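Asker: Residue numbers (full-length UniProt numbering): 1 to 466.
All C-beta atoms in this analysis are idealised placements derived from N, C-alpha and C, irrespective of residue type, glycine included.
Here the structure is a predicted model, which is why all the values come from computation and not from measurement.
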Amino acid sequence: MKHVLFAASECTPFIKSGGLADVIGSLPQALVKEGAEVSVILPLYKEIIHSEYRREMEEVMIYNTPVGWRNQYTRILKYTDRKVTYYFVDNEYYFNRDGLYGYIDDGERFVYFSNAIIEFMYRIDENYDVLHCHDWQTGAAVAIGSIKRPQPGMKIVYTIHNIQYQGWMEPSAFSDMFNFGMEHFAGFEWQGMLNMMKAAIHHADVITTVSETYAEEILTPFFGEGLETVLEYRRHDLHGIINGLDMTEYNPLRDDALDYRYRSSCKTKLKNKMALQSALGLEVDEAIPMYGIVTRLVSQKGLDLITHVMHEFLMEDVQLVVLGSGDQQYEDYFRSLFQNFPGKVHATIGFSESYARKIYASSDFFIMPSLFEPCGLGQLIAIRYLTVPIVRETGGLKDTVVPYNEFNHVGNGFSFEKYNAHELLDAMRYSRSIYQDKAHMDALIHNMMQSDYSWAKSAERYMSLY
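(1) Determine the DSSP secondary structure at residue 149, reduced to helix, strand or coil.
(2) Tell me whether the segment 183 to 194 and the segment 57 to 77 touch, counting them as touching only if at least three CB pairs, one residue from each stretch, are closer than 8 angstroms.
(3) For residue 31, tell me which candidate among 122, 265, 251 and 1 has the shortest Cα-Cα distance.
(4) Among the candidates 109, 158, 155 and 217, whose CA atom is the shortest distance from the CA of residue 169?
(5) On a CA-only basis, which of 392, 357 and 104 is nearest residue 323? Give me that one, please.
(6) Let me know the secondary structure DSSP gives residue 465 once reduced to three states.
(7) Tell me residue 81's beta-bridge partners as DSSP assigns them.
(8) Tell me which residues share the same chain as residue 162 and place their Cβ nearer than 6 angstroms to its Cβ, disregarding the 5 neighbours each side in the sequence.
(9) Label residue 471 either buried or exposed according to how many other C-beta atoms from any shown protein chain fall within 10 Å of its C-beta, with 16 as the threshold for buried.
(10) For residue 461, which option in 82, 424, 239 and 164 has the closest C-alpha, if you only look at C-alpha atoms?
(11) When you compare the CB positions of residue 115 and residue 65, do they come within less than 8 angstroms of one another, or not?
(12) Where residue 360 and residue 343 are concerned, what is the direct C-alpha to C-alpha distance, given to the nearest angstrom?
(13) Confirm, please, whether the CB-CB distance from residue 199 to residue 142 is below 8 angstroms.
(14) Alpha helix (DSSP H) containing residue 450: first to last residue?
(15) Would residue 260 and residue 251 qualify as a contact pair, given that the criterion is a beta-carbon distance under 8 angstroms?
(16) Smallest Cα separation from residue 355: which of 336, 417, 292 and 402?
(17) Do you know offhand how far residue 316's Cα is from residue 428's?
(18) Which residues bound the alpha helix (DSSP H) around residue 122?
(19) With H, G and I counted as helix, E and B as strand and the rest as coil, what does DSSP make of residue 57?
(20) Using only alpha-carbon positions, find the residue among 6, 338 and 377 that is nearest to residue 28.
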């Protein structure tokens, strides 16, 4: 039995800012089913301190963690759920704050966290075969653990969830925060700065990322964000393993957010659509195809393509429902669509998990034309809720959405290759024409039902890697 310690900066159900939390919340559970023994270590943020989970935690140990010349207080708390043990690093100076990230001392905060993880491994009465670290926030733990090897025989796996965020720091931080001689400086330095993701790539035994296509893409200058040459040097140690979906968490048959629950009934799914049409003041008509967008309103998500052609597409007999927040220009754009197309468009600026579930369940099509997408969660949820995804062929979108072929009825969605607005428009128009044909829609629904994006296959690959 492999004993694995996951180290990450967020994890559902305790704390979440993005898809990383979903992975750390569900992958360990899938690995347990494959026979692994898994623990997770993460910071004790303010939000967790004030949550119901805090009352059920027990204190494990207290120790001091070195961060350069500092000696910082560390308390470890423990919580167990469904055979996974969760450890929380309690330090009020660094983590008793609102939110997770965005502070001027984020570099120091997560170097401290990384040091606390390695100190924990020295002190705990557990033998871990694998330390599995995630994204830049635990990049320093990969480097420190590789240099110090706190447990004999321990190997280190590092997963890149989004290479855009790398954890840059001034070079002076090396002597200020790390208790290493200058012979180790080169392992942390990149382009004149310290880079925690580069340090992790350099020191890890194995590197993974969250889809096979993304693993290929980040070796190129366009997607590699300046780290492509470092990754090229380690390409034989780089593996792409697609993220799965928590099939229990995302289940339209048991989802309390839905007006009408369903497994495979298109008639019941239509009831959700008509209920949402009525609630939002859209024309109540099951024959009008509804297109959903649930996303962060940022350029990465392909919104430049949408802003170029959506006005033109809305001249047709379609409806659009939008949920998201982000850059002002995109928020203003969707507000203007809402005003200019009454009865056809509804846009909500913000986020609500329950409302997002309603959109997934009610829409006929889900639009996700990302510029880049390491894995993507939206298209997987859409398929699970039998809503046909329309995606650009990049990263995990390419690996999970099979383009529909109307001649042999194979495929579970629609896709286009080039980052081009009119290719998106063509795909949306094609989806609308397919919507008019019951045989094609029945085939798409059948194919989505047969699509297996649970964690089981990916967990098997991780076990093989371990």
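Answerer: Looking at the atomic coordinates:
(1) Note: residue 149 maps to coil in three-state DSSP.
(2) no
(3) 1
(4) 109
(5) Looking at the Cα atoms, 357 is the closest of the given residues.
(6) Three-state DSSP puts residue 465 in a helix.
(7) 84
(8) 374
(9) No information on residue 471 is available, as it lies outside the stretch 1 to 466 that the chain covers here.
(10) 239
(11) yes
(12) If I take the Cα positions, the gap works out to 19 angstroms.
(13) yes
(14) 438 to 450
(15) Remark: C-beta atoms of residue 260 and residue 251 do not approach each other more closely than 8 angstroms.
(16) 292
(17) Going by the C-alpha atoms only, they are around 11 angstroms apart.
(18) 106 to 123
(19) coil
(20) 6
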